[in-house]
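Q:
Residue numbers (the UniProt record's numbering): 1 to 220.
Structure (structure tokens):
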């Protein structure tokens, strides 16, 4: 019996938009997937050749890069942060749209010009992207790594600025911050382990084609 392909999908903001696409591809998770009382992390699907694991967004790329999962769905922000050579991202799913931005307190932003920065202290869960972005502009970036609650870092004096995902911008406004610079536009991507694509090309190519068709139908 052929081992099912393991598809890693993220908890959080992307999941609700990805589930209808999965259904279009013919992959419907078992009932336990939608059960809030369930603590399971691996689920069977309506396709016996595919099983799903649900993990944190940052961990999706790690599971796929190391071959524990063969396929995954993850935001392009995660791919930019980790830049795993083992990953191939064949499909932009055109969901999960947001942007990765620099923000700072409104009072500071009122008289601030990012073009004049020479050194910044930034709270972020994206230290690699942040350093690369500022280094390209000749700005020294001191990054304070946080996994959440970025918006309160300036209030508490941990850092003057933050780099984080922004969608509507409401969270920034409610915490007295203003978006001052966009680093990158972000969307969800289908990712594949390069080695698995060679050894299980038939199964994985069918999934890639299915997601491409689902994306085309969604865009039509």
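Glycine residues also receive a C-beta, built at the ideal position from the N, C-alpha and C atoms.
Is there contact here, the segment 4-13 with the segment 59-77, by at least three beta-carbon pairs under 8 Å?
A: Taking 8 Å as the limit for Cβ pairs, the verdict is that the segment 59-77 does touch the segment 4-13.
Q: Assuming residue 124 contacts residue 78 (C-beta within less than 8 Å), just tell me the rounded distance between them.
A: Along the chain shown, read from residue 1 onward, the residue named residue 124 stands at position 124. Along the chain shown, read from residue 1 onward, the residue named residue 78 stands at position 78. 13 Å between Cβ atoms; not a contact.
Q: Among 186, 207, 187, 188, which one has its Cα closest to the Cα of residue 196?
A: One-based indexing of the chain shown puts residue 196 at position 196. Here the closest residue by C-alpha is 207.
Q: Compute the Euclidean distance between the alpha carbons of residue 76 and residue 107, then round it to the nearest angstrom.
A: Walking along the chain shown from the start, residue 76 turns up at place 76. Walking along the chain shown from the start, residue 107 turns up at place 107. Spanning the two alpha carbons is a distance of roughly 31 Å.
Q: Mapping the DSSP letters down to three states, classify residue 225 as helix, strand or coil.
A: Coverage of the chain is limited to positions 1 through 220, which leaves residue 225 absent and any answer about it impossible.
Q: How many Å lie between residue 145 and residue 65 at the Cα?
A: Against the chain shown, residue 145 aligns to sequence position 145. Against the chain shown, residue 65 aligns to sequence position 65. Taking the straight line joining both Cα atoms gives about 22 Å.
Q: With a threshold of 16 other CB atoms inside 10 Å of the CB of residue 36, please say whether the residue is buried or exposed.
A: Taking the first residue of the chain shown as 1, we reach residue 36 at position 36. Classification of residue 36: exposed, given that the 10 Å Cβ count is below 16.
Q: What does the alpha-carbon distance come out to for the pair residue 84 and residue 61?
A: Mapped onto the chain shown, residue 84 falls at position 84. Mapped onto the chain shown, residue 61 falls at position 61. Their Cα atoms are separated by approximately 8 Å.
Q: Compute the beta-carbon to beta-carbon distance between residue 102 and residue 181, rounded to the nearest angstrom, for a pair I have assumed lies under 8 Å.
A: Residue mapping note: residue 102 aligns to position 102 of the chain shown, counting from 1. Residue mapping note: residue 181 aligns to position 181 of the chain shown, counting from 1. About 4 Å separates the two Cβ atoms, so the contact holds.
Q: Only counting the same chain, and skipping five residues up and downstream in sequence, which positions put a Cβ closer than 6 Å to that of residue 40?
A: Stepping through the chain shown from its first residue, residue 40 is reached at position 40. Result list for residue 40: 32, in chain order.
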